[in-house]
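Chains as they are written, first to last, in my numbering: chain U, 1 to 107; chain G, 108 to 666.
Below: the structure, in structure tokens.
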Ligand code: HEM
Ligand code: SF4
């Protein structure tokens, strides 16, 4: 799992979002504005500061009754919101890629 | 088939009540995820990429129609209307909510089903030949023994904290359809002086270190089975490594300790344990066997079969691929393909499950099987009923005529669902099936087993695929490595890595080159891919994949 990058005064901390699985339903959630958790990666808060990202991660990890397996995932910020950098994160954001073709109904 | 005793029923109820309380404590936050995880895994609950997953055991792959109806009910009520049948003869539900899982388990218990020991470092669900009790080539039905092993291993106090998971497979037939040599213990029924017993194979496994199991005892009398199994697992429990989970399976123990040493330790342990088995196990086996008595087969003319076979080419194509000889010549074993071209291998909708349950009741003595090849089997169908059965299957999108052919692909969930995956496998299977269907080459290519895993854990059995495909992550891009010449039957072999992997777009063209080369190279159309590979060796097939340059460097598609 991606770990937050090193010291807080490091000038370039690659942009990250904070993500986890929702305890009750298991689905993927992201930390969005005003510290709410939502399902849409495009709405996620982007951290560009390692210390703030780390603090948010610690807060998330202290909520075992809401979240499972919180971690920071690197993203590419863009005009329509952050996009996943790695294909695994992209699938987490969009759901099974096979669903449109197999028996898999839309989410 | 076996129906649960009061003991089994009470045991399940108590176990489910316990898990319900554990789930409640997790939801309240009283248990942390680290504390809860081993508890949920003991009850078949995983957390996957997008959701929880519930893995339900289908011991030795046998179901009745009421149980299949219950699986359909679970799919519809608590999941998204479908389930995924797996290579371990289980079913996985991909979308349950944590809070609903106790209700799902209670519902399963009403038909004698559960999720116990489908995960964790215990003796897992026992798998068996999916044609057991029906096939013409079998010595005896292995399922009574499988049920005995299930009862013995369930909550066995000594074996709840093994170094790692432990998988046992059993077959009663010389033709191995249960991949026994790729299991921690494989049991192959053999006769000695007319008495049934087992060849005991140990230390097989796939995963990151694939190993073909080795014969520990060429003949073990059936009466000695439980104490002998207990001796093996006890020796493993004692020696098996706990410092590194990748070295914790018994295959590593056997390799590090040596087969002969393991054998003498097992025999010594066996000598100690054998006297404690006073015969209660054999009495239990006799009682279980009575519940597996063969169905009363109907006697009637098979004329409708002959007529349909002559007159209906669609029926004939299906009959040619999807039927297997039954021990009674008027009956057939029917494999219902869950591999419609372009669909997810092993998935069935709730409607399809209900349809299969109803057809089992109507035509198949109320019995269904799940195969490790992710298909559903009706083991006892009279030939006269096959045309009517086929028509019903067609109406439910279940009449694909491809068993044993290229599109009858095993694929693990891969990165569409699995949290451990390094690449996707389902879309690869879908694309392969569609591509060769469009080329119209599937029938011509003939018998071929393609197996796909989305990471080195090898849940899709790729090492024993005639063509194995392993999905990897190469610098953030999906990349597929091909192995050739694997075999999971009685002539088990592990596939050889062909060379560097292929990017997703390059994989299908590579497979097409490979299979066109096979068509050009084979002696005649009775020489299947595997036989041609064994006769010719890897070189001409590698050349088809990579060109004359062996591909180890500089190939445009390789990574
Ligand atoms: C979806 C969640 C799954 C997870 C987390 C998972 C995990 C694993 C792991 C870690 C291994 C490697 C074990 C080792 O080498 O010691 C493994 C092997 C295996 N799994 Fe899975 N698996 C999953 C799904 C499946 C499915 C869907 C099947 C088919 C029923 C399956 C069947 C197998 C088989 C046949 C092996 C290889 C045989 C062996 O050496 O145990 N797994 N799995
Ligand atoms: S092989 Fe890997 S990706 Fe496929 S199901 Fe097993 S653990 Fe998941």
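Virtual Cβ for every residue (Gly too), placed ideally from N, Cα, C.
> If you draw a straight line from the C-alpha of residue 4(U) to the C-alpha of residue 87(U), how long is it?
Replying inline: Here residue 4(U) is taken as the residue at index 4 of the first chain, counted from 1. Here residue 87(U) is taken as the residue at index 87 of the first chain, counted from 1. With a pLDDT of 49 at residue 4(U), under the threshold of 50, the modelled position of this residue cannot be trusted; read the value that follows with caution. Their Cα atoms are separated by approximately 19 Å.
> Roughly how many whole angstroms lie between the Cα atoms of residue 288(G) and residue 64(U)?
Replying inline: As a working mapping, residue 288(G) is identified with position 181 in the second chain. As a working mapping, residue 64(U) is identified with position 64 in the first chain. Their Cα atoms are separated by approximately 42 Å.
>> Using beta carbons (cut-off 7 Å, strictly below), is residue 109(U) in contact with chain G?
In response: This structure does not reach residue 109(U), given that chain U is present from 1 up to 107, and the question cannot be answered.
>> Between residue 35(U) and chain G, is any beta-carbon pair separated by less than 7 Å?
In response: Working through the first chain from its first residue, we reach residue 35(U) at position 35. Chain G contact via Cβ: absent.
> residue 284(G) by DSSP, collapsed to three states: which one?
Replying inline: Start at 1 with the first residue of the second chain, and residue 284(G) comes out as number 177. Looking at residue 284(G) - three-state DSSP - the assignment turns out to be coil, as it is neither helix nor strand.
> Would you say the region 147 to 158 of chain G touches the region 421 to 429 of chain G, given that touching needs at least three Cβ pairs under 8 Å?
Replying inline: no
>> For a test of the three-state rule: what should DSSP assign to residue 429(G), helix, strand or coil?
In response: Sequence index remark: in the second chain, residue 429(G) carries index 322 (1-based). If DSSP states are grouped into helix, strand and coil, residue 429(G) belongs with the helices.
> Is any beta-carbon of chain G found at less than 7 Å from that of residue 95(U)?
Replying inline: Locating residue 95(U) in the first chain gives position 95, counting from the first residue. Cβ-Cβ to chain G under 7 Å: yes for residue 95(U).
>> Using the Cβ count rule (16 or more neighbours within 10 Å means buried), how would you classify residue 124(G)?
In response: Mapped onto the second chain, residue 124(G) falls at position 17. The residue in question, residue 124(G), is exposed, as its Cβ has fewer than 16 Cβ neighbours within 10 Å.
>> Within the continuous alpha helix (DSSP H) that includes residue 87(U), where are the two ends?
In response: The residue given as residue 87(U) occupies position 87 in the first chain. Note, residue 87(U): alpha helix (DSSP H), 87 to 94.
> So what's residue 111(G) in DSSP terms, helix, strand or just coil?
Replying inline: Against the second chain, residue 111(G) aligns to sequence position 4. Coil, per DSSP.
> Whose C-beta lies closer than 6 Å to the C-beta of residue 179(G) among residues of the same chain, with five residues either side of it excluded?
Replying inline: Translated into the one-based positions of the second chain, residue 179(G) becomes position 72. So the list reads 457, 460 and 461, once near-sequence residues are dropped.
> Looking at the C-beta of residue 534(G), does it have a partner C-beta in chain U at a distance below 7 Å?
Replying inline: On the second chain, position 427 is the one that residue 534(G) refers to. Interface residue, yes.
> If you measure from the CB of residue 521(G), is any heavy atom of ligand 2 nearer than 6 Å?
Replying inline: Taking the second chain and counting its residues from 1, the one referred to as residue 521(G) is at position 414. Because some heavy atom of ligand 2 lies under 6 Å away, the Cβ of residue 521(G) counts as near it: yes.
>> Do residue 236(G) and residue 172(G) have their beta-carbon atoms positioned less than 7 Å apart in this structure?
In response: Position 65 of the second chain, counted from the start, is the residue given in the question as residue 172(G). Position 129 of the second chain, counted from the start, is the residue given in the question as residue 236(G). Not in contact: residue 172(G) and residue 236(G) (Cβ atoms no closer than 7 Å).
>> So, under 8 Å CB-CB, residue 56(U) and residue 31(U) are touching, yes? Tell me the CB distance rounded to an integer number of Å.
In response: For the purposes of this step, residue 56(U) is taken as residue 56 along the first chain, with counting starting at 1. For the purposes of this step, residue 31(U) is taken as residue 31 along the first chain, with counting starting at 1. About 6 Å; that satisfies the 8 Å criterion.
>> I need the boundaries of the alpha helix (DSSP H) containing residue 360(G), first residue and last residue.
In response: Residue 360(G) sits at position 253 when you count from the first residue of the second chain. Looking at the DSSP string, the run of the alpha helix (DSSP H) that includes residue 360(G) is 357 to 364.
> Quick one, which residues of the region 313 to 335 of chain G are near chain U if we go by CB-CB under 9 Å, in chain order?
Replying inline: none
>> Is residue 612(G) close to chain U? Criterion is C-beta to C-beta, closer than 7 Å.
In response: For this step, residue 612(G) is matched to residue 505 along the second chain. No - not a single Cβ of chain U is within 7 Å of the one on residue 612(G).
> So with Cβ pairs under 7 Å, would you call residue 27(U) a contact of chain G?
Replying inline: Your numbering for residue 27(U) matches position 27 in the first chain. Yes, residue 27(U) counts as interfacial toward chain G.
>> For the structure I just gave you, are there three or more beta carbon pairs, one from the region 237 to 251 of chain G and one from the region 309 to 316 of chain G, closer than 8 Å?
In response: no
>> I'd like to know whether the C-beta atoms of residue 669(G) and residue 516(G) end up nearer to each other than 7 Å.
In response: Given a span of 108 to 666 for chain G in the structure shown, any question on residue 669(G) remains unanswerable.
> On the premise that residue 427(G) lies in contact with residue 489(G), defined as a C-beta separation below 8 Å, what is that separation, rounded to the nearest angstrom?
Replying inline: Residue numbering aside, residue 489(G) sits at position 382 when the second chain is read from its first letter. Residue numbering aside, residue 427(G) sits at position 320 when the second chain is read from its first letter. So it is not a contact: roughly 18 Å between Cβ atoms.
>> Measuring CB atoms only, is the region 635 to 653 of chain G touching the region 599 to 606 of chain G, in the sense that at least three cross pairs come out at less than 8 Å?
In response: yes
> Going along the region 194 to 211 of chain G in order, which residues come within less than 7 Å of chain U, judged by CB to CB distance?
Replying inline: 204, 205 and 206
> With DSSP run on the structure shown, which of helix, strand or coil describes residue 382(G)?
Replying inline: Here residue 382(G) refers to the residue found at position 275 of the second chain. In the structure shown, residue 382(G) sits in a helix (DSSP, three-state: H, G or I).
>> So, with DSSP's three-state summary, where would you put residue 135(G)?
In response: Walking along the second chain from the start, residue 135(G) turns up at place 28. Residue state, collapsed to three classes: helix.
>> Would residue 86(U) pass as an interface residue toward chain C - the criterion being a Cβ-Cβ separation below 7 Å?
In response: The structure shown contains no chain C; the protein chains it does contain are U and G.
>> When you measure from the CB of residue 228(G) to every non-hydrogen atom of ligand 2, does any distance come out below 6 Å?
In response: Taking the first residue of the second chain as position 1, residue 228(G) is located at position 121. No - ligand 2 has no heavy atom lying nearer than 6 Å to the Cβ of residue 228(G).
> At least one CB of chain G closer than 7 Å to the CB of residue 68(U): is that the case?
Replying inline: As a working note, residue 68(U) is residue 68 in the first chain. So, interface residue.
> Quick one: Cα of residue 371(G) to Cα of residue 300(G), how far?
Replying inline: For the purposes of this step, residue 371(G) is taken as residue 264 along the second chain, with counting starting at 1. For the purposes of this step, residue 300(G) is taken as residue 193 along the second chain, with counting starting at 1. Computed Cα separation, rounded: 25 Å.
> Around the C-beta of residue 659(G), are 16 or more other C-beta atoms found within 10 angstroms, so that it is buried, or is it exposed?
Replying inline: Position 552 of the second chain, counting from 1, holds the residue named residue 659(G). Residue placement at residue 659(G) is flagged as unreliable, the pLDDT there being 47, under the threshold of 50; the coordinate-derived value follows with that caveat. Exposed, by the Cβ-count rule.
>> For residue 321(G), report the span of its beta strand (DSSP E) as first-last.
In response: The sequence position of residue 321(G) within the second chain is 214, counting from 1. Here the beta strand (DSSP E) through residue 321(G) covers 321 to 328.
> Is residue 160(G) helix, strand or coil when you go by DSSP?
Replying inline: Numbered from 1 along the second chain, position 53 holds the residue referred to as residue 160(G). In the structure shown, residue 160(G) sits in a strand (DSSP, three-state: E or B).
>> Bridge partners for residue 153(G) per DSSP, in chain order?
In response: Mapped onto the second chain, residue 153(G) falls at position 46. 160(G).
> In chain U, which residues lie with their C-beta within 9 Å of the C-beta of residue 186(G)?
Replying inline: One-based indexing of the second chain puts residue 186(G) at position 79. Residues of chain U passing the Cβ test: none, with the nearest at roughly 10 Å.
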